[in-house]
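Just so we're aligned, residue 1 is where the sequence shown starts under this note's numbering, counting upward by one. Quick reminder that beta carbons are idealized off the backbone N, C-alpha and C, glycines included. Here is the structure we will look at.
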Amino acid sequence: MAPIGYVVSAFVMGFLLVLLGVGLIRGRDWQQYAMPNQSESNWNDGEAEFQLLQRIATNPTVWVVCFLFLTLGIGAGAVLFVSGTAVPSSIRQTAWLALVSLSIALVAGYIFWGTYQSIRYRGLDSAKATLTALWVWGMLFIVIVILQLVMA
């Protein structure tokens, strides 16, 4: 049996996750855009597929569901990794590598996209926004290297 602190922590984090999901669902219509009327699309020119993907990508419910699946997948991988179940070591190492790689990619993508969009919102062109986002990545890499050297 797990210590009571871990169980309470799991329930608190689950409650906060559900609270976040409810907040996102309740606040999804905070800003409305009037889309201009467009002509009928033809499935042969690729425009209809693009519009379908655009509707899916701009739907907040799709984003919430994807976030929940991603969170549950990472959580299940972490539980499987630390549970000590009879899993072959090769699968365990692969799962650990996938979990760490996915986490790093998500954080790096979040930092890059957030920096890029912030700079674009301030009126600079995309080349300067990309340069700034890559500069932030470089500075974070240098800080990580410095911390590893100091802590070693």
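_Residue span of the alpha helix (DSSP H) that contains Val64, given as start and end_ = 60 to 83
*May I ask you to verify whether the stretch 118 to 128 touches the stretch 81 to 96, counting CB pairs closer than 8 Å and requiring at least 3?*
no
*asked:* If I follow the unbroken alpha helix (DSSP H) through Ala105, where does it start and stop?
replied: 89 to 121
*Relative to the alpha-carbon of Leu17, which residue among Gly109, Gly75, Ser90, Ala108 has its alpha-carbon at the smallest distance?*
Gly75
*Under a three-way DSSP split, which group does Ala152 fall into?*
coil
*For Leu124, does the three-state DSSP call read helix, strand or coil?*
coil
*Between Thr130 and Glu47, what straight-line distance do the alpha-carbon atoms span, to the nearest angstrom?*
28 Å
*Could you tell me the distance, in whole angstroms, from the CA atom of Ala127 to the CA atom of Leu134?*
11 Å
_Can you tell me whether Val129 is helix, strand or coil according to DSSP?_
Note on identity: in this sequence residue 129 is Ala, with Val being the wrong assignment. The answer is helix: DSSP assigns Ala129 an H, G or I state.
*Whole angstroms is fine: what's the gap from Leu102's alpha carbon to Gly123's?*
32 Å
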